[in-house]
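Enquirer: The sequence shown begins at 110 in this note's numbering and counts up by one. For every residue, glycine included, the Cβ atom is placed at its ideal position computed from N, Cα and C. Owing to the predicted nature of the structure, the values given are computational and were not obtained by experimental measurement.
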Amino acid sequence: MTPSANSPYTTIDLNWTGRPKSIASALIQSDGVNALIDPGPASTIETLRAALAQNGLAVQDLHAILLTHIHLDHAGAVGALIKENPKLDVFVHEFGAKHMMDPSKLLASAGRLYGEKMDFLYGNVLPVPEENLFALAGGETVTIGKKDFTALYTPGHASHHLAFWDAGERTAFVGDVGGITVEGDTFIMPATPPPDVDLDLWNKSLDAILALQPARLFLTHFGYQHNPAAHIARYRKKLAEWTALAKSLLESGKSEEEAGKEFVEAVAAETRRGVSAASEAEHYIFNGGLYLSWLGLLRYAKKQEKSRPAS
Ligand SMILES: [Zn+2]
């Protein structure tokens, strides 16, 4: 909840499922205008409310929400926030807008994955009225007080993913395009959930972010990375390794369930080797949703297999 020393934004730790440094929302306050980038899931709305209060704000004092994408850990709280503050403007990629208005598909697919844990993890997700939504394609500028944020279309993790670029502060809010790394760490973990994962698009999105020459990245999971070029280079390597692992498991002839188990075990072991403190390794393993990442990479590998010309 403390503003970073060299940042004009406030990082809000949503303390998701009681775990600090899992999901970060960014509070922007400029010239009397208040906005959040990714308010998080509906399950952490009371934590968000308390963090706003620490900054002298109530939900009614918010003017806008900028969404990097609509996954429930980033955007699930939006409907509930609008119920309290119907004036909120919500900026979202055009491919995601309809699922904000009617979250039933989003909830059904999450429900299949999480079952009875859904409420604990994500809370009560409410629909967002059409009149609150501003659909973006990328290239637009969203102005918050005296700050301009350029929307950058960044598919790869999700087909409806945007990054927001503050050229004045040379800061890129990259949602889940830059993976999972707790501020201060160098260990990195991809988040590759179904159904949209696409490595080529992802690498192009990383190119587009790097081309801006950012001084820092803000990751939802979790916080700032102050050396974007090094971070992105590490990330590309890890993403390629995970994809290769998923492909080799797919081609091994094992059942998908068995292969998935092996993927999760291999990645968990790699995490335990890469992160010195055991509790921190478990933090990554929990937050990474490794089986979900396996399912996303499996789907991507199968798509690629289908599109390959038969020899
Ligand atoms: Zn996420």
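1) Of all residues in the structure, which have a C-beta closer than 6 Å to any heavy atom of ligand 1, taken in chain order?
2) Can you give the Cα-Cα distance for Asp211 and Thr156, rounded to whole angstroms?
3) If contacts are defined as beta-carbon pairs under 8 Å, then Ala319 and Ala338 qualify, I think. What distance do you get, rounded to the angstrom?
4) Determine whether the beta carbon atoms of Ala159 and Ala186 lie at a separation below 7 Å.
5) Suppose the cutoff is 8 Å on Cβ atoms and the five residues either side in sequence are ignored; what does the same chain contact list for Phe204 look like?
6) Give, in chain order, every unbroken run of the beta strand (DSSP E) that is at least 3 residues long and sits entirely within the region 179 to 218.
7) Along the chain, where does the alpha helix (DSSP H) that runs through Phe372 open and close?
8) Identify every residue that forms a DSSP beta bridge with Val142.
9) Quick check on the burial criterion: 16 or more other C-beta atoms within 10 angstroms. Buried or exposed for Asn241?
10) Could you name the residues of the same chain whose beta carbon sits closer than 6 Å to that of Lys411, not counting the 5 residues immediately before and after it, in chain order?
11) What do you get for Thr177, buried or exposed, if any count of 16 or more other CB atoms within 10 angstroms of its CB means buried?
12) Residues bridged to Lys256 by DSSP?
13) What residues match up with Ile174 in a beta bridge as DSSP calls it?
14) Quick check: what's the CA-CA separation for Ile146 versus Ala353?
15) Please work out which residues of its chain come closer than 7 Å, Cβ to Cβ, to Trp403, disregarding the five sequence neighbours upstream and downstream, and give them in chain order.
16) I'd like the span of the alpha helix (DSSP H) that includes Gln334, first residue to last.
Expert: Reading it off the structure:
1) His180, Asp182, His183, Asp285, Ala300, Thr329 and His330
2) 25 Å
3) Reading the sequence as shown, one finds Leu at residue 319 and not Ala. With 8 Å as the limit, Leu319 and Ala338 qualify as a contact, their Cβ atoms being about 7 Å apart.
4) no
5) Ser268 and His269
6) 198 to 202
7) Glu365 to Gly383
8) Ser139
9) buried
10) none
11) buried
12) Ile253
13) Leu145 and Val199
14) 33 Å
15) Ala355, Gly369, Phe372 and Val373
16) First-last for Gln334: Gly332 to Gln334, but that is the beta strand (DSSP E), not the alpha helix (DSSP H).
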